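Counting from 5, one number per residue, gives the positions in the sequence shown under this note's numbering.
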Amino acid sequence: MGLSEASEPRDTQVLLASRETMEPKRRDYHVERPLLNQEQLEALGRWGPAPGTLQWRTWFQCSRARARALLLRHLPVLAWLPQYPVRDWLLGDLLSGLSVAIMQLPQGLAYALLAGLPPVFGLYCSFYPVFVYFLFGTSRHISVGTFAVMSVMVGTVTESLAPDDAFLQAPNSTVNETARDAERVQLASTLSVLVGLFQVGLGLVHFGFVVTYLSEPLVRGYTTAASLHVFVSQLKYVFGLRPRSFSGPLALIYTVLEVCGMLSKSVVGTVVTAAVSGVVLVAVKLFNDKLRRHLPMPLPGELLTLIGATGISYGVGLNHRFGVDVVGKIPTGLVPPMAPSPQLFTKLVGNAFAIAVVGFAIAISLGKIFALRHGYRVDSNQELVALGLCNLVGGTFQCFPVCCSMSRSLVQESTGGNTQVAGAVSSLCILIIILKLGEFFQDLPKAVLAAVVIVNLKGMLMQFKDICSLWEANRMDLLIWLVTFVATTLLNLDLGLAVAVAFSLLLVVVRTQLPHYSVLGQVPDTDVYRDVAEYSEAREVPGVKVFRSSATMYFANAELYSDTLKQKCGVDVDRLISKKKKLLKKQELQLKRLQKQQLQTQAAASRGTSISIDVNASDGDVKSNNVESSKAKQGSTENELEDTAASGQDDADAKAPDRSTLEALGLPPPDFHSLVLDLSSLSFVDTVCLKSLKNIFRDFREIEVEVYMAACHTPVVAQLEAGHFFDASITKQHLFASVHDAVVFALQHPRSNHVSPVLATKL
């Protein structure tokens with residue numbers, strides 16, 4: 005024992021010493037690899053086009069396994085219900101379902117009024133869709149049913165297409181509520197069927213990705229504005245007023261002004277009832293928050309408030325004595341299915357699509373939150389189908405469009421709910437209320453339901469805090485939030501959503517038009533290149549400019565890319581090319597003038613020689629043989645002049661091999677001989693991008709700068725080939741696997757001698 009204890013420190017020292025000797029060897033490493041352009045990379049990696057997969061062939065294949073997988077995919081309850089752990093999850097699901105049903109009752113009654121319908125139809129929406137989602141849904145925790153945002157969107161449709169003014173009775177100018185409610189129920193149920201058709205159709209064609217165009221700031225800004233619409237719509241129940249209904253742009257402003265003008269006609273009993281109910285609801289919620297850890301389930305403050313208010317209203321006679329509006333007759337039993345009205349489809353198609361998209365966006369965002377928290381997967385396309393079937397089936401039973409509720413979903417999760425068995429339990433509880441207990445709430449004041457709605461808006465109204473957090477985190481997201489909120493508040497819910505989506509997409513285009521452009525430099529002792537403006541130790545490689553854009557280059561920003569590239573290089577490329585062309589044109593004109601003068605001189609010399617011969621011949625002093633000799637001398641002289649001119653031209657060409665260079669023209673050349681375009685951010689190529697790249701090659705070659713491209717992805721290279729970008733002047737040898745490879749190659753093959761290629765070996 006003693007020996008082992010004594011030897012242990014020695015072994016530790018030996019290990020530490022060996023580790024110290026190994027550490028320098030680990031740090032002193034050197035990696036070498038050849039420079040790879042695109043052709044060499046394709047040859048080394050044996051590149052070839054990916055084999056095409058004809059997926060459509062599998063669509064028509066039929067087998068037992070495929071049929072079973074298809075059935076389990078579109079009917080998920082068959083997959084998880086046989087494996088349901090009864091002992092572990094049943095008690096939690098029962099308690100959770102009971103808690104959700106307690107919340108479903110008051111919210112169903114309240115949100116039906118919000119949709120402009122009799123309260124009992126909110127109970128129908130809490131039964132049929134919930135049970136359908138139990139069969140087809142993939143989320144375990146969301147609670148499907150009535151939701152404030154969806155209800156107010158339905159209410160804008162029903163109140164605009166079936167306003168109170170259209171049902172005034174002539175004798176006493178009162179509203180025929182029976183006819184009005186029947187018309188609104190027909191509108192709401194037809195709207196629900198149309199919403200369901202949209203959602204099922206989009207889900208079957210795998211259009212679930214449409215929700216990606218609704219960013220989180222957009223959804224939160226939209227729901228915050230919708231909460232204002234909900235709040236304003238409940239003011240008439242809080243004060244007991246009957247204002248005119250408005251629709252279209254600025255309807256919210258007109259409604260607020262109308263209510264403010266009628267405040268003197270408020271019913272005192274209604275205001276007191278709403279205020280007392282609101283205080284009780286807030287107090288119970290605060291109590292639940294304080295004692296959340298000690299309570300097995302939160303106190304049902306809404307249900308207790310409804311029961312207490314109904315009892316007080318019945319005992320005191322609030323309706324008869326104080327003029328407080330009550331719910332009225334609630335029929336017991338289920339209503340028979342009713343076919344939708346196809347004649348209304350053309351009037352409702354725009355609103356139906358907006359409601360379908362908003363409902364799915366809220367449901368899938370909330371479902372993914374719970375799925376991430378509990379470690380399971382939510383299928384967005386199947387969720388779209390499930391919600392569509394909920395609305396489609398619900399619409400045939402006179403329900404209005406539904407979604408999932410944030411507050412009920414949180415209760416369903418926090419009270420121990422594990423699966424949609426909790427939803428099935430809550431729907432059965434609502435069924436019992438519809439069949440037997442609904443008639444007991446006939447004396448329930450509408451002001452209490454309005455208080456329930458307003459108190460439940462707390463979560464959405466608290467989203468105003470997003471302004472401060474987004475101001476610090478991302479100003480662009482804040483701009484999306486504000487534009488969505490203002491547009492939805494002023495233009496109504498359907499137009500506001502369209503404006504928000506259009507602005508969000510336009511902002512994406514604008515942000516790609518204004519990317520971050522940078523000149524890259526090499527970080528010392530590495531092959532890493534970073535922005536020289538951000539990294540103080542990064543140094544530009546002498547003779548080589550490396551340029552990078554943070555966004556892909558396409559038709560919207562191609563011109564800006566080219567202009568910024570020329571600006572960052574520190575050379576006025578266009579002006580230099582213009583001066584070069586002018587000087588070349590001037591040089592060409594001078595050469596033509598010189599050649600013309602030479603031709604004139606030669607012509608004059610030839611004419612002078614011929615005249616002297618004629619004169620001598622006319623005087624008769626020279627014999628005929630002398631005349632012939634003079635002619636021979638003349639021919640030989642002309643030949644000698646031509647030979648001399650030709651030899652002089654050759655000597656001039658030898659001394660000045662190229663008079664078109666910048667140096668020969670007296671123009672200052674750029675301080676770099678190579679340009680490397682880092683195209684790692686290029687995700688696709690369009691025709692404008694191809695033309696811009698070709699123009700960059702052409703312009704910089706005009707000022708004696710060779711251009712290289714680096715870090716292109718394989719799909720981009722394939723698109724360059726398909727666009728016939730590569731030709732005799734631009735080959736794949738100008739395209740390199742990395743920026744470092746391109747820089748080293750540029751240093752080894754400079755177009756001018758003012759930078760030594762020896763620097764490439766150091767890199």
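The C-beta atom is built at its ideal place from N, Cα and C for all residues, glycine as well.
None of these values were measured; they are calculated from a predicted model.
Buried versus exposed call for residue i [16 or more other C-beta atoms within 10 Å across all chains shown]
i	result
A356	buried
P344	buried
H324	exposed
N699	exposed
T142	buried
V199	buried
Q594	exposed
F688	exposed
Y380	exposed
Three-state secondary structure assigned by DSSP to residue i
i	result
M773	This structure does not reach residue 773, given that the chain is present from 5 up to 767, and the question cannot be answered.
V148	strand
P674	coil
F551	strand
V545	coil
F138	helix
V179	strand
N41	strand
V223	helix
Q161	Here residue 161 turns out to be Val, not Gln, going by the sequence shown. Residue state, collapsed to three classes: helix.
C472	helix
I436	helix
W51	coil
P247	coil
Q65	coil
Q571	helix
R77	helix
E36	coil
D578	helix
A166	coil
H771	Since the first and last residues shown for the chain are 5 and 767, residue 771 lies out of range.
Q602	helix
N422	coil
N323	helix
V156	helix
R188	helix
S345	coil
Same chain only: Cβ atoms within 7 Å of residue i, ignoring 5 sequence neighbours per side
i	result
I458	F235, Q238 and G282
V747	V545, V548, V550, V680 and L767
V260	V236
A375	S143, R381 and V382
Close-in-space but distant-in-sequence residues of the same chain around residue i (CB under 8 Å, 5 per side omitted)
i	result
Y217	V505, S508 and L509
G670	L587
Residues near residue i by beta carbon distance below 6 Å, same chain, minus five either side
i	result
L222	I484, T488, A504 and S508
M342	Q402
D703	V577
L206	L388
G120	G159, T162, E163 and R188
Residue span of the alpha helix (DSSP H) that contains residue i, given as start and end
i	result
T365	Rather than Thr, the amino acid found at residue 365 in this sequence is Ala. Per DSSP, A365 belongs to the alpha helix (DSSP H) from F349 to H378.
V415	M410 to S418
D97	V90 to L118
V312	Per the sequence shown, residue 312 should be read as Gly rather than Val. Run containing G312: G305 to V320, per the alpha helix (DSSP H) assignment.
M464	K462 to L465
Q386	S384 to T400
F291	V272 to K294
D703	T691 to E706
G500	L497 to Q517
V260	A255 to G265
F125	V124 to C129
L121	Note, L121: premise wrong, no alpha helix (DSSP H); not H, not E.
V720	T718 to A726
Cross-strand partners of residue i (DSSP beta bridge)
i	result
L524	D535 and V550
Y712	V680
L739	M713
L172	V179
C407	G149
P769	Outside the shown range of the chain (5 to 767) lies residue 769, about which nothing can therefore be said.
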